[in-house]
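Asker:
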Amino acid sequence: MQSEHLELGPINSVINIKFSIIISRLMISLQIALCLVASFQTSSSAPSKYKCEDGIDNLLTVASTSKDLPIVLKHTTILAYDAQMQPSCYKGKANVVLPGYFVVTGGELITKKDLNLVDNGQAMMSINIDGDDICSTGGSDKFYMPDWICQFEVTTLIPKELIEVLQQSGTHTIEELQDKIDFNTTLPLPESPSVLGLSLIDLFKGVYKVRAVLVSNKERVVDVLFQEGGKSFQLGMYDEA
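At position 212 of the sequence shown (counting the first as 1) the number is 212 in the UniProt record's numbering, and the numbers step up by one without a gap.
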């Protein structure tokens, strides 16, 4: 990757800070879960023999499930990297690690009408880990998982400056964001926090399916899948010696 990717603009710093705050709050809430995972053991595997070709095997895609909603996200592509900016894979498939990086390489967002997502945008998450539902349409499925992990104001994670551009009617591109708000396509992912010496990414590593529905004034405005087509992605997986 070119070194210019590592020069973070102000908007990216805000994204990183907000992501760090969410993970830190999650660390406090999940102390209860430690009692439930006392017997947790990390499965071992032989050293990886799979390839991880940059731009192919570390590719993640995000896209809308419906073209009929006010916002349509079209085939946004993201590459996953580790802390050394090396392509991140596990058994030949994209693997998100903390710390690490996302690099946005393509995609566009179509907003069909002006919206006010800054004041009225709510994200409703559905999260499945290794076949087990953690969140369903904004509600927690586990007593130890707080609802605010599954449902939150969109400004909690996405900076106001970015939302203000995307909520305006029109077709929005990466080039537009770079021009208007100094958006850098390289997004740093913070280091995973620890509870009692145990990293949260070790507790919650696995195969993920994630869906996000954005609601504004009780209207569903966008419904997206990470990954496109309902495919899964991996978080925090690694080979052990």
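Every residue gets a Cβ at the ideal spot worked out from N, C-alpha and C, and that includes glycine.
List the endpoints of the continuous alpha helix (DSSP H) containing residue 254.
Answerer: A query on residue 254 cannot be resolved here, the shown segment of the chain reaching from 1 to 241 and no further.
Asker: So, for Lys113: in the same chain, excluding its five sequence neighbours on each side, which residues have a beta-carbon less than 6 Å away from its beta-carbon?
Answerer: For the purposes of this step, residue 113 is identified with residue 113 of the sequence shown, where counting begins at 1. So the list reads Pro70, Ser169, once near-sequence residues are dropped.
Asker: So the alpha helix (DSSP H) Ile181 belongs to, where does it begin and stop?
Answerer: As a first step, residue 181 is located in the sequence shown; it is residue number 181 there, counting from the start. Ile181 -> alpha helix (DSSP H) spans 174-181.
Asker: Please state whether the Cβ-Cβ distance between Val210 and Met124 is less than 8 Å.
Answerer: Here residue 210 corresponds to residue number 210 of the sequence shown, with the count starting at 1. Here residue 124 corresponds to residue number 124 of the sequence shown, with the count starting at 1. Not in contact: Val210 and Met124 (Cβ atoms no closer than 8 Å).
Asker: With 16 as the cutoff for other CB atoms within 10 Å, does Gly229 come out buried or exposed?
Answerer: Mapped onto the sequence shown, residue 229 falls at position 229. Classification for Gly229: exposed.
Asker: Helix, strand or coil, according to DSSP, for Thr155 in the structure here?
Answerer: Here residue 155 refers to the residue found at position 155 when the sequence shown is read from its first residue. Residue state, collapsed to three classes: helix.
Asker: Does the region 99-111 touch the region 146-157, meaning 3 or more C-beta pairs lie closer than 8 Å?
Answerer: Judged by Cβ distances under 8 Å, the region 146-157 makes no contact with the region 99-111, as fewer than three pairs qualify.
Asker: Taking Leu189 as the reference, which of Glu161, Met85, Phe152, Cys150 has the closest Cα?
Answerer: The residue you call residue 189 lines up with position 189 of the sequence shown. Among Glu161, Met85, Phe152, Cys150, the Cα nearest to that of Leu189 is on Met85.
Asker: Per DSSP, which residues does Gly139 bridge with? Please list them.
Answerer: In the sequence shown, counting from the first residue as 1, residue 139 sits at position 139. DSSP lists Ser136 as partners of Gly139.
Asker: Would you mind sorting Tyr50 into buried or exposed? The rule is 16 or more other CB atoms within 10 Å of its CB.
Answerer: Taking the sequence shown and counting its residues from 1, the one referred to as residue 50 is at position 50. Exposed, because fewer than 16 other Cβ atoms sit within 10 Å of the Cβ of Tyr50.
Asker: Is it a yes or a no for the region 127-144 touching the region 80-96, going by three-plus beta-carbon pairs under 8 Å?
Answerer: No, the region 127-144 is not in contact with the region 80-96.
Asker: So, for Asp54: in the same chain, excluding its five sequence neighbours on each side, which residues have a beta-carbon less than 6 Å away from its beta-carbon?
Answerer: For the purposes of this step, residue 54 is identified with residue 54 of the sequence shown, where counting begins at 1. The answer, listed in chain order, is Pro87.
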